[in-house]
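2 protein chains.
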Amino acid sequence: MDEVRVPCMNAGYEATSYANNSLLQKTVILKARPVLEETIKDMLMTTCFPASFKVADLGCSSGPNTLLVISEILDTIHAMCQQFNQKSPEIQVFLNDLPENDFNNVFKSLPAFNQRLKKDKGDQFGPCFVSGVPCSFYERLFPSRSIHLIHSSSSVHWLSKVPENLGSNKKNIYIAKSSPPSVYKAYLEQFQRDFSSFLSLRSEEIIVGGRMFLTFVGRSIPDPSSKDCCYLWELLAKSFLELVDEGVVEAAKVDSFDIPCYHPCEEEVRDIVEKEGSFNLNKLEIFEVNWDPSDDPSNKEFVFNKYRSGKNVANCVRAATEPMLLACHFGKSIIDTLFNRYANHVAQHLAVEKTKFIEIVVSMTKI
Amino acid sequence: MDEVRVPCMNAGYEATSYANNSLLQKTVILKARPVLEETIKDMLMTTCFPASFKVADLGCSSGPNTLLVISEILDTIHAMCQQFNQKSPEIQVFLNDLPENDFNNVFKSLPAFNQRLKKDKGDQFGPCFVSGVPCSFYERLFPSRSIHLIHSSSSVHWLSKVPENLGSNKKNIYIAKSSPPSVYKAYLEQFQRDFSSFLSLRSEEIIVGGRMFLTFVGRSIPDPSSKDCCYLWELLAKSFLELVDEGVVEAAKVDSFDIPCYHPCEEEVRDIVEKEGSFNLNKLEIFEVNWDPSDDPSNKEFVFNKYRSGKNVANCVRAATEPMLLACHFGKSIIDTLFNRYANHVAQHLAVEKTKFIEIVVSMTKI
């Protein structure tokens, strides 16, 4: 099998870019905000408002969400300084993603971001120094004991690589109802290795008493083929297999392709954090987001249209997987067809059942 | 006049990109190496090999020189650790340039850079964490007292903006033989403000005992219209004026265009450092580099060809000024013609006289 790279989102501002298809990730950030705020407040109180505050966002990607997260964090720090009449710390922000991430786009929006910051919060706040750190978060990113707060949203469900020894998972691209137990085992073990390594690397970088705040896509029940985590990929596999039947895609290519991500259940997460031992798990919360996040009760103007929702979901999955599919030599030409099929399958499915993503939110303290 | 941005080098890897036309800057880096090595060695001895070493390269640009500087610095640290049997520090490298700089290109070359580092220096060296800092160096870039070594090569001769009150400098784009004294005064005062502000900003960021190492293009004598610094721009002005005569470029546009850079003499530099007062000037050296740096006595294979040398110089100036010329609405279409003319004028000049750049090297300690 060709090497599958850990996903890097679609660059630029095209119709299929991540920047234009990141409503899911935005919804997650907004829904998780209260827990993030609580994490920052608690940390500022226990560390007595440090003079220099270093925060890292891992898997920052490139789009409106990149600076949204940073804005939220700065808002909370600012509010806390005002409330407790404390001098604002100097804030150093590290935006991390893979070297292939479109950092240029993020950087170009920084002057306007800084101007807005000054206008909204005044000269007494900050300064805020933003830098980009281009490296996989499955490697060391920062000097020892240098970071106060690590944030990562919608990222750590991506594995460092496709699990080895997947054995017979033909016609599937993730754990599916039809997968043998060995497939689940291989995926779980890869996640255990990766997430444990992630915790261990971060524990070296974060100060004692520092916090780590994560959101990622999990599943609601221990059954690894739970619909809320697998069916999205089963429908993509189905779209692939149609193209195989029509002779557009080689069967062997689909057989050997698997998605390098894992959607853990709560127990699996608790178990890894406990075994790794560097962090206290202060809070683990779970919430749901519709596959099409614009289909939300709070969105009063929303009128359900299965095709539009199907397209939204397909664009979201495409933004996150296209560079990976291209790296596996599926070829630019089949991508449009594949995701048109996929949008249609998702539409038919959503018309019957509004499946939801299970989002896991975790707040931890470095021991 | 349209706003002139501080220059950002031509992006990408095209024939006219900075990455492909940066031999001058490379030559300067290599010639200045002994002083940089001495600076780092001296600093490591006086700070007793800190556990975490933070170094910043300001105006890093995007091309082969970006990582060349970092390699030199890492080589020296590695050699010193070996010589004195010291544990390698964790090294954090901040690459700074304007937000428009092509950081993506630099970042994509980092995985190979890190692999080479590991292969050459072994697992005991580093780790080395590289990040990008997209911001003008005429603003604060880093938290207070956080940086050990600041390096900046071929950058601080660029001003924060075109001097105001240039008055009557029509038909010129920099200080020229025909400029009135007020033009020199306006340029000098802008440089005094900018360089003084640069020193003051850096003095807040650098630790006491930390070092700053700079190279920039100056001039050899106090006369501000000294040929070694002005004639390069006079020939560009001449090329512009030909296009004006031919009706291709509006006269008013050239009249209102001026280059935001300044080439100080040694006395001016010493004076500003002394007045600003944050740094001890340990060393100031001057060396010369041919306008066409491939025309070098050490380059045994070099055979002088005025047209090739003219083209080399024109490409070098184009890589550094094209984004600025476009920002001033000169229009993509005239750029090729302009620099063809310029290459020819430079060729004719070099056939008569091999003018040289005067490079000033400065090594300072934060008091």
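So the sequence lines, in the order shown, correspond to chains A and B. Position one of the first sequence corresponds to residue 1 (our numbering), numbered consecutively onward. Position one of the second sequence corresponds to residue 1001 (our numbering), numbered consecutively onward. Where is the CB? At the ideal position from N, CA and C, for every residue including glycine.
Closer than 8 Å to chain B by CB, residue i
i	result
arginine 140 of chain A	yes
Short CB-CB distance (under 8 Å) between residue i and chain A
i	result
asparagine 1010 of chain B	no
glutamine 1092 of chain B	yes
aspartate 1002 of chain B	Per-residue confidence for aspartate 1002 of chain B stands at a pLDDT of 38, beneath the threshold of 50, marking its modelled position as unreliable; no derived number is given.
histidine 1151 of chain B	no
Supposed contact pair residue j and residue i - C-beta distance, whole angstroms, cut 8 Å
i	j	result
glutamate 288 of chain A	isoleucine 358 of chain A	6 Å
glutamate 274 of chain A	serine 200 of chain A	Wrong, their Cβ atoms sit about 13 Å apart, outside the cutoff.
glycine 218 of chain A	proline 264 of chain A	5 Å
serine 1152 of chain B	aspartate 1057 of chain B	7 Å
serine 1225 of chain B	alanine 1176 of chain B	6 Å
alanine 1314 of chain B	valine 1346 of chain B	6 Å
aspartate 102 of chain A	glycine 59 of chain A	With a Cβ gap of about 13 Å, aspartate 102 of chain A and glycine 59 of chain A do not count as contacting.
Per DSSP, the bridge partner or partners of residue i
i	result
alanine 1056 of chain B	B:Phe1094 and B:Ile1150
glycine 1132 of chain B	A:Gly132 and B:Leu1095
phenylalanine 1394 of chain B	Missing from the structure shown is residue 1394 of chain B; chain B here goes from 1001 to 1367 and no further.
valine 289 of chain A	A:Phe357
cysteine 1261 of chain B	B:Trp1158
threonine 1365 of chain B	B:Arg1211 and B:Asn1280
isoleucine 206 of chain A	A:Ile147
Chain B residues whose Cβ lies nearer than 8 Å to that of residue i
i	result
aspartate 102 of chain A	Asn1104
serine 110 of chain A	First, the amino acid is wrong: residue 110 of chain A is leucine here, not serine. Correct list: Pro1099, Pro1134 and Cys1135.
Residue i burial status per 10 Å Cβ neighbour count (16 or more: buried)
i	result
cysteine 1135 of chain B	buried
proline 293 of chain A	buried
histidine 148 of chain A	buried
glutamate 353 of chain A	exposed
aspartate 120 of chain A	exposed
glutamate 1003 of chain B	Annotation note: pLDDT 44 at glutamate 1003 of chain B (below 50); position unreliable, coordinate value reported separately. It counts as exposed.
methionine 1045 of chain B	exposed
proline 297 of chain A	exposed
glutamine 1086 of chain B	exposed
lysine 366 of chain A	buried
lysine 960 of chain B	Outside the displayed span of chain B (1001 to 1367) sits residue 960 of chain B, for which this structure offers no information.
isoleucine 1029 of chain B	buried
histidine 329 of chain A	exposed
lysine 1332 of chain B	exposed
alanine 1252 of chain B	exposed
arginine 1116 of chain B	exposed
glutamate 1250 of chain B	exposed
proline 1163 of chain B	buried
phenylalanine 1125 of chain B	buried
isoleucine 1206 of chain B	buried
glutamate 1234 of chain B	buried
asparagine 21 of chain A	buried
Chain-ordered chain B contacts of residue i [CB-CB under 7 Å]
i	result
phenylalanine 107 of chain A	Pro1099, Phe1103 and Pro1134
Within chain B, the residues that residue i reaches when beta carbons sit closer than 9 Å
i	result
serine 61 of chain A	Under the 9 Å cutoff, chain B gives no residues; its nearest Cβ is about 14 Å from serine 61 of chain A.
Within chain A, partners of residue i - CB distance below 7 Å
i	result
serine 1131 of chain B	Phe94, Ser131, Gly132 and Val133
proline 1143 of chain B	Ser52, Glu90, Gln92 and Phe129
Contact set between residue i and chain A, taken where Cβ atoms lie within less than 8 Å
i	result
serine 1309 of chain B	Those do not exist, as serine 1309 of chain B stays about 33 Å from chain A at its closest Cβ, beyond 8 Å.
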